[in-house]
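Visitor: Residue numbers for the sequence shown, in full-length UniProt numbering: 1 to 1244. Pasting in a structure now, in structure tokens, and then I'll have a few things to ask.
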Amino acid sequence: MEIRPKPSDVTWTDEQWQAIDAKGSNVLVSAAAGSGKTAVLVERIIRRITDEEPPVDVDRLLIVTFTNAAAAEMRQRIAGALEKSLANDPASLHLRRQLSLLNKASISTLHSFCMNVVRSYYYMLDIDPQFRIVDETEGELIREEVLEHLFEEAYGSGDDELFFDLVDRYSGDRSDEALRNLVFRLYDFSRSHPNPKQWLEEMASRYEIEDDTTIDGLPWSLGLFQDVQRQLQQAVKLIEQAMELTKVPGGPAAYYETFEEDHPNIQALCEQKSWQGLYDAFQSFKFPTLKQARGKDIDKGLKDAAKNLRDAAKKQVNTIKETYFQRAPQSFVRDLQDMAPGIKRLVRLVMEFSERYQMAKKERALVDFADLEHLCLAVLCEGFDEKGTPVASEPAREYQRYFAEVLTDEYQDTNLVQETILRLLSNGSNRFMVGDVKQSIYRFRLAEPGLFLQKYQSYESINNIEENESEGYRIDLAKNFRSRDIILDATNFIFRQLLDPAVGEMDYDKGAELHLGNKDFPEDDTLTAELAVINKGEPLSQTEPGDEPAEMEEELETAQLEARWIVRRIKQMIENQEQVLDKETKRMRPITYRDIVVLMRSMPWAQTMMEECKQAGVPVYADLNTGYFEAIEVSVMISLLSVIDNPYQDIPLASVLRSPIVSLTEQEMAHVRIIEKNGSYYEAVKKTIDESPDETLKQKLSLFYERLMDWRTQAREGGLSELIWRLYQETGYYDFVGGMSGGKQRQANLRALYDRARSYEATSFRGVFRFLRFVERMRERGDDLGTARALGEQEDVVRFMTVHKSKGLEFPVVFLAGMNKEFNKQDIRKNVLLHKEWGFGSKMIDPENRVIYPSLPQLAIKKRLEMESLAEEMRVLYVAMTRAKERLLFVGTVKDAEKSLENWRLAIEHEGWVLPNGDRANAKSFLDWLGPAVMRHKDSVNWQEGISPQDDVVYNDPSRWNLSVIDQDQLQTYVSEEEEKRHEREEAVRSLEPVNVEEDWEQFVGGKLEQVYAYTSATVHRSKQTVSELKRQMHDEYSDRTFLGSFRAQDADRPRFMQDATLTASEIGTAMHTVMQHIPLTRESVRVDRVQSLIDELVRKEILTDAEGQAIDVDKIARFFETPLGERMLQAKSVQREVPFTYGVPASESYADWDGPEDEMVLIQGVVDVILEDADGGRTMIDFKTDTIQGRFPEGMLQAEPVMRDRYSVQIDVYMKAIEAIWQTSIDEAYLYFFDVAESITMK
């Protein structure tokens, strides 16, 4: 490992420099939130390719990012750095080469890289090289078709008893949907392993157990046994805490005897070394009856606390007994033997599905993202050795020789397959991995944070290079450049108490803590992290006997209460103009709505909370993932498509008929059914058209029926997206919903449906029926597309989003709502659980006796998943807290604040930083962690009720907190007299009734409505003119003196077919000017023949049309250069032709009827034909004219001169003033030259 000394002129921290410059070994960078990891990664890449010794071509670096956006940004930043370096060293061929190589450099997501590998080595994979990525819609439909055929074959065989046994065990009463979903789950889960087939086979083989096998020899029992022991030891500690309370003055001393009996009994359970021993011990275990503790000297609080501690220990021990030790250990073994054949058949079913699904995709030349990884792995890996280590293939060895370094961003979110690919691409000592395991929150996508943790624990610290050799080295980037000290201190304070290997999967040690790196924030000791607890129970603020709580108008939802508190705080911040640091200017500015985000673990409450915000006048936005199919406009269009597919569907048909598309009333709908009481409603509609006496109804239905028949034909013959857009147009429904409330959003939803149909048509599927089937399947599974986006990123609104969507973002103010919302453990409660190490865990299902109960694998995997889930929830909380830059506010709601505070106070006497394992492991919400943690801080002294802290370090932590309890009646809204008046007025307006208004604002509003705009003249005169328009305004008595329209036919180009026929004088003049602009100023070039050659060349280059070329009088052009002016032009020192200018003149000089402000300016635009400079420095301006003189003026120029001088004097004056003002020089002479008579007029 080599690290050069840090240059004196760089601003990187020492740790950042180590990460930038370290070479010669694998490097793992543990980059805390806001530590600038992306900047470090980019700087490392730039230095690798720009350093003189040794230089590395950019395409020899493999750079893997988590998203395509991150890859594009990184490529752009590298390009910018290279261009900057090249500007300093323009002669560097190496830098120029890097810029040219950048476009083909491997900077992408791993999926994109895998695609390139597969396309390069397709011949090794038996795959169509023109494959494409399967659309999600298409993939779902193919999967369902494949599994449908597979199940049909199994059902049809008749003698597949194991399959029927599987159906009985894992299907519901009404369908086999549960078994189908289980096959999909197992298939998807297995694909996250490098060798799916091997993992499935090993999973099944674990159930094949010999008769003499004991429970202690099973792969699941050891981990489960250790967890039981941890819980028992926690129960012992609870009893010990209760015993200490009995010794305190005023404590329940009578309880001591019972506690003294409990302690050795539970300790005896802890000392058992086997499952069988623990089972035997539990059979005789029993809690004794608690002794009575009476007396005036006994403190009720201490008595209740001691009893609660014992009850908690008792509950914990009894739960362990009921869950694990009610049954004999050997019965668990027999269950596994009974389940083994079914599990083996299930694995075979999954493998068969995998083979057929792969074949179906192969036939269509399709791959999905998981296929890309496995196909790439098939290219790079020849197989696995006895230890399970992948063996590199020849292509892998080629990549290893080619890539100088393999860099991975967001390494904590990689899975086992991706890790295997990256290992095969590395030569063993050239990996650079950046990430933060504390921000690994994608385990649901099968990300494996354990990979990061394993390296972090096995790699040596970069500071110990000289002491120990290591497979790699780790670097901690702990300085946070995003947030204020109050955010960092608060985060450190909480996570020192939460994270340890037992519950959080890692320690929160000095290397993990956040340190202040941004010195731009001004100090403000008044800022705190806020924890607001909303109390739905008895009010804590009711202290006086007569102080009764206000009567609640309604029972408010928790979401409403929290939203009202959030709104109150937001309004305080806005109204008080609280200051935040502007990222761009580095100066403090008042807070705005877009500085604020409300984060939640999930979004079910978002709609309710947003409604509360809107009612309070706070603008909000949330990108919701629900509500799309429920939107009325989408529902109506889906119903219309269903009717087009099959009109014999009563509910969709009724929906369409009642919608604005047909607009039948309830009475008309009933009339249709009366016409035909039997049969489908569609038949009733047809009969109504033929027989109904109601002509209006018949007309409505006839029109709809004719359109329906036309649409059904279109559905059979045309595309789905074309049909949908036609429906929008012909029904007018798209325009109709645009006029409804929220019309912009509704139209966006309909466009999203159209876009979805287009993407569906890009697949191998077609037709309305399949599309509707897919939509139906999505709705059955609970999936939703989410309402279409209809708001820009920079809108000044408060944003609601999930913590996952906020990852990578930052906000000055962060609210964390729903802190007491229970963690989602739905996946853990399933009958079948899956784990990457422990395999398949199903409840024991006996279909014959109709009983179901937990099996040992299911219990073990459930406990393991619970602990992993808790660790992930801790990381989610960490991500949420570290999004904040300046303000961090938590809000949660409890049913009984007094009881919650009492429970939190138990943590005050805990010694040491980390909260007890049991308290953390049994938490059901974020508030169960945050409440006890904050209660231990000195800022919560008002809530501690005099309990002495056991740990002064925790108590005196430098973080600053504000713990408050808000009774729900304080958040109740009351309608004021003013609001009642406003409501009455709104109702009157809706009813179109007169509104009697006597307000102080009446005169003000009237004045505003009657106000006359002070600059009326400016609204009817152009702010920019051409010189030609100015000339007409000032001197042509026939010109219009008001606003000139934006289009004038005489100034516009005529259509080409009219130009080809005959050219106007204006078009001929333009053509003459074009030739004069391009003609070379040499004597040879101005001869007639050379002028003609020039015209021919301009026609060939399409600068002139054929008609224009033929219309030009070559002799007139050549004759100009025989005049004195032409001669001066040929001999001039310099000649500038077609000189454009923009010049400002007072509006009063531009418009004769101007009556506005004197200092108002108008822009004048024009083009001077020629400005030449003679040898003596004098400047002459020439303007060419093609006006007809001969024939129009009988006396020739003598008669024409005064007319022409008057016509063009304004133009020439403006030209001269403009050029003289812009060029800061004088025009000595000015001429008009007329081609028609080869004469000029001296204007100056």
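Ideal placement from N, C-alpha and C gives every residue a C-beta, glycine not left out.
(1) What are the boundary residues of the beta strand (DSSP E) that Y1143 is part of?
(2) Just to check my reading of the structure: E562 and A817 have Cβ atoms closer than 8 Å, yes? What is that Cβ distance to the nearest angstrom?
(3) According to the neighbour-count rule (16 or more other Cβ atoms, all chains shown, within 10 Å of its Cβ), is V1203 buried or exposed?
(4) Could you give the first and the last residue of the continuous beta strand (DSSP E) run that contains P590?
(5) Which runs of the alpha helix (DSSP H), 4 residues or longer, sit entirely within the segment 313-373?
(6) Determine the contact status of D919 and D928, defining contact as a CB-CB distance below 9 Å.
(7) State yes or no: is the C-beta of V367 within less than 9 Å of the C-beta of V134?
(8) From this set, M819, N849, V620 and V1135, which residue's C-alpha is nearest M1181's C-alpha?
(9) Which value, in whole angstroms, describes the spacing of the CA atoms of L141 and E776?
(10) Please report the Cβ distance between D595 and V618, rounded to the nearest whole angstrom; I am assuming they are in contact, meaning their Cβ atoms lie under 8 Å.
(11) Would you say the segment 492-500 touches the segment 853-862, given that touching needs at least three Cβ pairs under 8 Å?
(12) Give the C-beta separation of L238 and L309 to the nearest angstrom, bearing in mind that I take them to be a contact with Cβ-Cβ under 8 Å.
(13) What did DSSP end up calling Q1025 once you bin it into helix, strand or coil?
(14) Using 10 angstroms around the beta-carbon of Y1013, count the other beta-carbons present and answer buried if the total reaches 16, otherwise exposed.
(15) Provide the residue(s) that pair with I845 in DSSP beta bridges, ordered along the chain.
(16) Which stretch, first to last residue, makes up the beta strand (DSSP E) that contains W961?
(17) On the three-state DSSP scale, how would you describe N308?
(18) Ignore the nearest five residues each way along the sequence and tell me which others in E2's own chain have a CB closer than 6 Å to its CB.
(19) Going straight from the alpha carbon of E202 to that of Q745, what length do you get?
(20) Skipping 5 residues on each side, what residues in its chain have a beta carbon closer than 6 Å to that of W17?
(21) What are the boundary residues of the alpha helix (DSSP H) that includes G156?
(22) Answer with buried or exposed for A242, where buried requires no fewer than 16 other C-beta atoms within 10 angstroms of its C-beta.
(23) Can you say whether A1071 is buried or exposed, counting buried as having 16 or more other CB atoms within 10 angstroms of its CB?
(24) Should W1154 be labelled buried (16 or more other beta-carbon atoms within 10 Å of its own) or exposed?
(25) Mind pulling the alpha helix (DSSP H) runs of 4 or more residues that sit fully within the segment 1073-1126?
(26) Distance, Cα to Cα, F432 vs R345?
(27) State the Cα-Cα distance for the pair L446 and G931, rounded to the nearest angstrom.
(28) Pair every Cβ in the segment 281-301 with every Cβ in the segment 888-899, then say whether three or more of these pairs are closer than 8 Å.
(29) Can you grab the Cα-Cα spacing for the pair V1114 / P1124, in whole Å?
(30) Between K571 and the ligand ATP, is the CB less than 8 Å from at least one heavy atom?
(31) Of all the options I215, I462 and N820, which has the alpha carbon lying nearest to the alpha carbon of N535?
(32) Let me know if F1004 comes out buried or exposed under the rule of 16 or more other beta-carbons within 10 Å of its beta-carbon.
(33) When you compare the CB positions of L451 and T414, do they come within less than 9 Å of one another, or not?
(34) Going by DSSP, what residues sit across from P390 in a beta bridge?
(35) Using three-state DSSP, classify E732 as helix, strand or coil.
(36) Reducing DSSP to helix, strand and coil, say where Q572 ends up.
Guide: Well, looking at it:
(1) In the sequence shown, the residue the question calls residue 1143 occupies position 1143. S1134 to P1146 is the span of the beta strand (DSSP E), which, as asked, contains Y1143.
(2) Start at 1 with the first residue of the sequence shown, and residue 562 comes out as number 562. Start at 1 with the first residue of the sequence shown, and residue 817 comes out as number 817. Contact flag correct, Cβ pair sits at about 5 Å.
(3) What you label residue 1203 is simply residue 1203 of the sequence shown in a count that begins at 1. Exposed, because fewer than 16 other Cβ atoms sit within 10 Å of the Cβ of V1203.
(4) What you label residue 590 is simply residue 590 of the sequence shown in a count that begins at 1. Counting along the chain, the beta strand (DSSP E) containing P590 begins and ends at M588 to P590.
(5) 329-363
(6) On the sequence shown, position 919 is the one that residue 919 refers to. On the sequence shown, position 928 is the one that residue 928 refers to. Yes; because the gap between Cβ atoms is below 9 Å, this pair is in contact.
(7) The sequence position of residue 367 within the sequence shown is 367, counting from 1. The sequence position of residue 134 within the sequence shown is 134, counting from 1. Cβ atoms of V367 and V134: closer than 9 Å.
(8) Here residue 1181 is taken as the residue at index 1181 of the sequence shown, counted from 1. When only C-alpha atoms are compared, the closest one is V1135.
(9) The sequence position of residue 141 within the sequence shown is 141, counting from 1. The sequence position of residue 776 within the sequence shown is 776, counting from 1. Cα-Cα distance, rounded: 12 Å.
(10) On the sequence shown, position 595 is the one that residue 595 refers to. On the sequence shown, position 618 is the one that residue 618 refers to. About 13 Å; that fails the 8 Å criterion.
(11) Using a Cβ-Cβ distance cut-off of 8 Å, the segment 492-500 and the segment 853-862 are not in contact, since fewer than three pairs of beta carbons, one from each stretch, lie closer than that value.
(12) Your numbering for residue 238 matches position 238 in the sequence shown. Your numbering for residue 309 matches position 309 in the sequence shown. That pair is a contact at about 5 Å.
(13) Along the sequence shown, one-based indexing puts residue 1025 at 1025. For Q1025, the secondary structure class from DSSP, reduced to helix, strand or coil, is strand.
(14) As a first step, residue 1013 must be located in the sequence shown, where it is residue number 1013. By the neighbour-count rule (16 or more Cβ atoms within 10 Å), Y1013 is not buried but exposed.
(15) Here residue 845 corresponds to residue number 845 of the sequence shown, with the count starting at 1. Beta-bridge pairing links I845 to I852.
(16) The count along the sequence shown starts at 1 and reaches residue 961 at position 961. Looking at the DSSP string, the run of the beta strand (DSSP E) that includes W961 is W961 to D967.
(17) Taking the first residue of the sequence shown as 1, we reach residue 308 at position 308. Of the three classes helix, strand and coil, the one that applies to N308 here is helix, per DSSP.
(18) Position 2 of the sequence shown, counting from 1, holds the residue named residue 2. So the list reads K23 and G24, once near-sequence residues are dropped.
(19) Your numbering for residue 202 matches position 202 in the sequence shown. Your numbering for residue 745 matches position 745 in the sequence shown. Those two C-alpha atoms are separated by around 51 Å.
(20) Locating residue 17 in the sequence shown gives position 17, counting from the first residue. Here the set comprises K6.
(21) Residue mapping note: residue 156 aligns to position 156 of the sequence shown, counting from 1. Here the alpha helix (DSSP H) through G156 covers E136 to S157.
(22) Against the sequence shown, residue 242 aligns to sequence position 242. By the 10 Å Cβ count, A242 comes out buried.
(23) Within the sequence shown, the letter at position 1071 stands for residue 1071. Buried is the call here.
(24) For the purposes of this step, residue 1154 is identified with residue 1154 of the sequence shown, where counting begins at 1. Buried.
(25) As far as the segment 1073-1126 is concerned, its whole alpha helix (DSSP H) runs of at least 4 residues are 1088-1100, 1106-1111 and 1114-1120.
(26) Within the sequence shown, numbered from 1, the residue matching residue 432 stands at position 432. Within the sequence shown, numbered from 1, the residue matching residue 345 stands at position 345. If you draw a straight line from the Cα of F432 to the Cα of R345, it is about 43 Å long.
(27) Counting from 1 along the sequence shown, the entry for residue 446 is found at position 446. Counting from 1 along the sequence shown, the entry for residue 931 is found at position 931. Rounded to whole angstroms, L446 and G931 show a C-alpha spacing of 31 Å.
(28) As far as the Cβ criterion goes, the segment 281-301 does not touch the segment 888-899, which means the pair count is below three.
(29) As a working note, residue 1114 is residue 1114 in the sequence shown. As a working note, residue 1124 is residue 1124 in the sequence shown. So the two alpha carbons sit approximately 19 Å from each other.
(30) By its list of ligands, the structure shown contains no ligand whatsoever, and the ligand ATP lies outside what it can speak to.
(31) Translated into the one-based positions of the sequence shown, residue 535 becomes position 535. Out of I215, I462 and N820, N820 has the C-alpha closest to the C-alpha of N535.
(32) One-based indexing of the sequence shown puts residue 1004 at position 1004. Answer is exposed; the Cβ neighbour count stays below 16.
(33) Here residue 451 is taken as the residue at index 451 of the sequence shown, counted from 1. Here residue 414 is taken as the residue at index 414 of the sequence shown, counted from 1. Yes. Within cutoff.
(34) Working through the sequence shown from its first residue, we reach residue 390 at position 390. Partner(s): F384.
(35) Against the sequence shown, residue 732 aligns to sequence position 732. At residue 732 the sequence reads Gly, which differs from the Glu that was named. Coil, per DSSP.
(36) Locating residue 572 in the sequence shown gives position 572, counting from the first residue. Q572 falls in the helix class under three-state DSSP.
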